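Trainee: First, the structure itself, so that you have it in front of you.
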Amino acid sequence: MTTKTDFDLVLKSGKVLLPNGETITDIGIKDEKICHIGDLPNSQLSCSEENIIDCKKFSCPSG
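Sequential numbering from 50 applies to the sequence shown in the working numbering.
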């Protein structure tokens, strides 16, 4: 059984600069704070689709 994760906003597939270099990944935001950086399959998200933003063409700051 998969547990659903509740975020207010999810930035999907953006270029994120981390201490170990740039990677393409997702960012989960809850209560105006970054709560998760890493792959977030849509099947595990409980936020509405309008709060999932496709960031394939964008760089997303990680902080």
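Heads up, the beta-carbon is just placed ideally off N, CA and C, and yes, glycines get one too. Note that the coordinates shown come from a computational prediction; the quantities given were computed from them, not determined experimentally.
Could you check what DSSP says for GLU71 in three-state terms: helix, strand or coil?
Mentor: In this structure, GLU71 counts as strand in the three-state DSSP scheme.
Trainee: What would DSSP say about SER92, mapped onto helix, strand or coil?
Mentor: Helix.
Trainee: In chain order, what residues of the same chain lie with their CB nearer than 8 Å to the CB of VAL59, ignoring the 5 residues before and after it?
Mentor: Closer than 8 Å at Cβ, skipping near neighbours: ASP75, ILE76, GLY77, ILE78, LEU89, LEU94, CYS96, ASN100, ILE101 and ILE102.
Trainee: Do CYS104 and GLY70 count as a contact pair if the criterion is CB distance below 8 Å?
Mentor: Not in contact: GLY70 and CYS104 (Cβ atoms no closer than 8 Å).
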